[in-house]
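Sequences listed follow chains A and B, in order. Sequential numbering of the first sequence, starting at 0, is according to numbering that gives the first Met the number 0. Sequential numbering of the second sequence, starting at 0, is according to numbering that gives the first Met the number 0. Beta carbons: idealized from backbone N, C-alpha and C, even for Gly.
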Amino acid sequence: MVNLTTNIGNLELKNPVMTASGTFGFGTEYLDFIDLSLLGGIVVKGITPKPRQGNPYPRMAETASGMLNAVGLQNKGVDYFIEHIYPEISHYGTEIIVNINGGSVEEYCEVAEKLNELDKIRAIELNISCPNVKQGGMLFGTHCPSAMAVTKAVRGAFSKTLIVKLSPNVTSIAEFAKAVEDNGADSISLINTLLGMAIDAKTRRPLLSTVTGGLSGPAIKPVALRMVWQVYNSVKIPVIGMGGIMNATDAIEFILAGASAIQIGTANFINPAVSVEIVNGIKTYLEQNKLESVAQLIGALEC
Amino acid sequence: MGNFSYGSSGIENYALVFITLRPTLIAQMKKLVENFKVNTVKQLNKEFFVLGLQSEKQLPEILPGQFVQVKIEGSAKTFLRRPISVYDVDFMNRTLWLLVKIAGEGTKQLSRLHPGEHLNIIYPLGNSFSLNVKGKVLLIGGGTGVAPLLFLGKYLKSTHNITPDFLLGYRSKELVIEPEKFETTGNVFITTEDGSLGHKGFVTQHPLLYDDTKKYDAIFTCGPEVMMKAIANYAKAKNIVCEVSLENLMGCGIGACLCCVVDTVDEGNVNTCTEGPVFNIQRLKW
Numbered sequence: 000m001v002n003l004t005t006n007i008g009n010l011e012l013k014n015p016v017m018t019a020s021g022t023f024g025f026g027t028e029y030l031d032f033i034d035l036s037l038l039g040g041i042v043v044k045g046i047t048p049k050p051r052q053g054n055p056y057p058r059m060a061e062t063a064s065g066m067l068n069a070v071g072l073q074n075k076g077v078d079y080f081i082e083h084i085y086p087e088i089s090h091y092g093t094e095i096i097v098n099i100n101g102g103s104v105e106e107y108c109e110v111a112e113k114l115n116e117l118d119k120i121r122a123i124e125l126n127i128s129c130p131n132v133k134q135g136g137m138l139f140g141t142h143c144p145s146a147m148a149v150t151k152a153v154r155g156a157f158s159k160t161l162i163v164k165l166s167p168n169v170t171s172i173a174e175f176a177k178a179v180e181d182n183g184a185d186s187i188s189l190i191n192t193l194l195g196m197a198i199d200a201k202t203r204r205p206l207l208s209t210v211t212g213g214l215s216g217p218a219i220k221p222v223a224l225r226m227v228w229q230v231y232n233s234v235k236i237p238v239i240g241m242g243g244i245m246n247a248t249d250a251i252e253f254i255l256a257g258a259s260a261i262q263i264g265t266a267n268f269i270n271p272a273v274s275v276e277i278v279n280g281i282k283t284y285l286e287q288n289k290l291e292s293v294a295q296l297i298g299a300l301e302c
Numbered sequence: 000m001g002n003f004s005y006g007s008s009g010i011e012n013y014a015l016v017f018i019t020l021r022p023t024l025i026a027q028m029k030k031l032v033e034n035f036k037v038n039t040v041k042q043l044n045k046e047f048f049v050l051g052l053q054s055e056k057q058l059p060e061i062l063p064g065q066f067v068q069v070k071i072e073g074s075a076k077t078f079l080r081r082p083i084s085v086y087d088v089d090f091m092n093r094t095l096w097l098l099v100k101i102a103g104e105g106t107k108q109l110s111r112l113h114p115g116e117h118l119n120i121i122y123p124l125g126n127s128f129s130l131n132v133k134g135k136v137l138l139i140g141g142g143t144g145v146a147p148l149l150f151l152g153k154y155l156k157s158t159h160n161i162t163p164d165f166l167l168g169y170r171s172k173e174l175v176i177e178p179e180k181f182e183t184t185g186n187v188f189i190t191t192e193d194g195s196l197g198h199k200g201f202v203t204q205h206p207l208l209y210d211d212t213k214k215y216d217a218i219f220t221c222g223p224e225v226m227m228k229a230i231a232n233y234a235k236a237k238n239i240v241c242e243v244s245l246e247n248l249m250g251c252g253i254g255a256c257l258c259c260v261v262d263t264v265d266e267g268n269v270n271t272c273t274e275g276p277v278f279n280i281q282r283l284k285w
């Protein structure tokens, strides 16, 4: 019997597989396909203090081995989440982690404070890396003093596990990792999408209404692996790796690079049962390699 | 929900349309992922082909207007699934048909499938056209948009005893899609842009729409957005109930990615994949 549990700060997950924010709705969208209680956790769609309509259509463009999106944090706001969504999803039998967003430090704190009151929410993911909003988002995640300030403030507003989601659109990701660790983060998740764009040569127009958007999918996996490895070697807190994971082998590569847990994103769109398949695949890998636990694999890369 | 306006149509009209036409039950149907066997790949002309897909199991309920998400195998260029409307269903023989237009790399790959190969699909997805319709019904399709209308026409004929009128628009005679299937289902009127068959011009220019003896109770349409917008304006002016089936770009098809949104008067951006693809025109900010 292999031990799949893994720890993210004080939070123990039954296995290292989570679903990434913005790719899994609130979990309800996947109930027809999988038993959600088999997952380590679900990171739900990003929440803001007030409802947001998001960006105009078109918001998506397929690219080689991936896709661009420019959704722009469409959501019904934190109060709607607490009143209508939380009661429905808090009994799924898996950790529900809320991805939080804001246009200012105060807005991030407002969301964090409200979520701190919810018993079944034992962790939040502070999103300072959304590339598709004009205010907040990546502006915090690509300016180190801002990243430090928002982490410190949210740390003060939220007493449970605080995960900070980093942007890959920086020169030195390790610098940001250390900065948020020093300011109270319990864990770091990475990478959010890479800023990209796509053009229609026929019409000579961009394919996204916002011109630029966030690139995800296997196209970004080598960049993500590199960054997870660099961050793992720079901080002491656990790292959650993501970026183009399509199967269990991809997930194991991230764990070897130093991830204590991983998130499945875009792959959910193509195979809605992929997250559970990856849980099973990791188990099989451990058994075949005569390993007793996931912990033995974390950062086990031999260079 | 707040800051929206119902525009000139008026909330009363909007509500009435939904009470009279919207089925009370847009079934919360379970979505399935399944490998279908490719039975037939029928090339109709240089742009369109029909895939006949058979399931090993009994098919679930599938309604006219619903779609499937088809997995495209084996190319880095075609990463996401492709949403395709259900063209026809034979529940007895566990078979469904998809009408596909060769538009890019993904649909080109689908056209190269051979009988006996398998195709992975997620289905049934989305809502349906309003199926409690009564009276005279006009189905207007453009190009590949005729697909859900055949299924709808067959459904109305077999379950409601309604013989619909089809108004189908194509660029030219060579691109007309399986005319016999439509002719056995309803009265068919054709337009071609080059005049090689039927009335010359666009569907919106067909005399049928200006024949005052016709008095349609409902119009259902699917095709290029510019065509559907013109139909929507026509229906509004004539005060005819009208539903459109949208073909927005989709990431997931199951309501998770929020990429396929359309702007509505009551809720702002909503998912085309779960709230649609069929919308009453009164709900859209067109």
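Less than 8 angstroms between the C-beta atoms of residue i and residue j, yes or no?
i       : j       : result
F35(B)  : Q42(B)  : no
P163(B) : G185(B) : yes
T47(A)  : N9(A)   : no
Q287(A) : M17(A)  : no
L257(B) : V42(A)  : no
L67(A)  : G195(A) : yes
I277(A) : A250(A) : yes
I96(A)  : I123(A) : yes
How far does the alpha helix (DSSP H) with residue i in it extend, from its first residue to its last?
i       : result
C258(B) : Segment: none, C258(B) is in no alpha helix (DSSP H) and carries neither H nor E.
T190(B) : No alpha helix (DSSP H) contains T190(B), which is instead part of the beta strand (DSSP E) from N186 to T191.
F35(B)  : Per DSSP, F35(B) belongs to no alpha helix (DSSP H); it is in the beta strand (DSSP E), L31 to Q42.
R154(A) : C143 to A156
A266(A) : A266 to I269
M226(B) : E224 to K237
F175(A) : I172 to D181
Enumerate in chain order the residues of its own chain whose CB-to-CB distance from residue i is below 8 angstroms, with the five nearest sequence positions on each side excluded.
i       : result
V16(B)  : Since pLDDT at V16(B) reaches only 40, below the 50 mark, its modelled position is unreliable, and no value is offered.
L97(B)  : V49, L50, L52, V67, V69, I83, S84, V85, Y86 and A146
I219(A) : G65, P167, I190, T192, L193, G242 and G243
Using a Cβ-Cβ distance under 8 angstroms, would residue i count as near chain B?
i       : result
F80(A)  : no
M66(A)  : yes
I95(A)  : no
E276(A) : no
V230(A) : no
P271(A) : yes
F32(A)  : yes
E87(A)  : no
Q73(A)  : yes
P57(A)  : yes
A63(A)  : yes
E28(A)  : yes
N267(A) : yes
Q52(A)  : yes
Should residue i be flagged as near chain A, meaning a C-beta pair shorter than 8 angstroms?
i       : result
K100(B) : no
F78(B)  : yes
K30(B)  : yes
V260(B) : yes
N268(B) : yes
N247(B) : yes
I121(B) : yes
C251(B) : yes
Assuming residue i is part of the beta strand (DSSP E), what are its boundary residues?
i       : result
L283(B) : It is not in any beta strand (DSSP E) - L283(B) carries neither H nor E in the DSSP assignment.
A260(A) : A258 to I263
A247(A) : Note, A247(A): premise wrong, no beta strand (DSSP E); alpha helix (DSSP H) at A247 to L255.
T47(A)  : From DSSP, T47(A) is part of no beta strand (DSSP E); its letter is neither H nor E.
S215(A) : T211 to S215
To which residues of the same chain is residue i closer than 6 angstroms at the C-beta, ignoring the five residues directly before and after it?
i       : result
P221(A) : none
E112(A) : A156
P271(A) : Y29 and F32
A152(A) : V104 and C108
Keeping to the same chain, check which residues put their C-beta closer than 7 angstroms to that of residue i; ignore five residues upstream and five downstream.
i       : result
L208(B) : Y233
A266(A) : I244, M245 and V273
R121(A) : L10, E94, K159 and T160
A229(B) : T203
G141(B) : G168, V202, G222, P223 and M226
V227(A) : L189, V238, G240, F253, A256, G257 and A258
Round the Cβ separation of residue i and residue j to the nearest angstrom and send it over; I've been treating them as touching at under 8 angstroms.
i       : j       : result
E60(B)  : M91(B)  : Not really, about 14 angstroms apart at Cβ, beyond 8 angstroms.
G240(A) : I297(A) : So it is not a contact: roughly 10 angstroms between Cβ atoms.
L193(A) : L165(A) : At roughly 12 angstroms, the Cβ-Cβ gap does not stay under 8 angstroms, so L193(A) and L165(A) are not in contact.
A146(A) : A173(A) : Going by Cβ atoms, the distance from A146(A) to A173(A) rounds to 13 angstroms, so no, they are not a contact pair.
Name, please, each residue of chain D whose Cβ falls closer than 7 angstroms to the Cβ of residue i.
i      : result
G24(A) : Absence of chain D from the displayed structure is noted, the protein chains being A and B.
Check whether the Cβ of residue i sits closer than 7 angstroms to any heavy atom of the ligand PLP, and report yes or no.
i       : result
Y231(A) : With respect to the ligand PLP, the structure offers nothing, as it holds no ligand at all.
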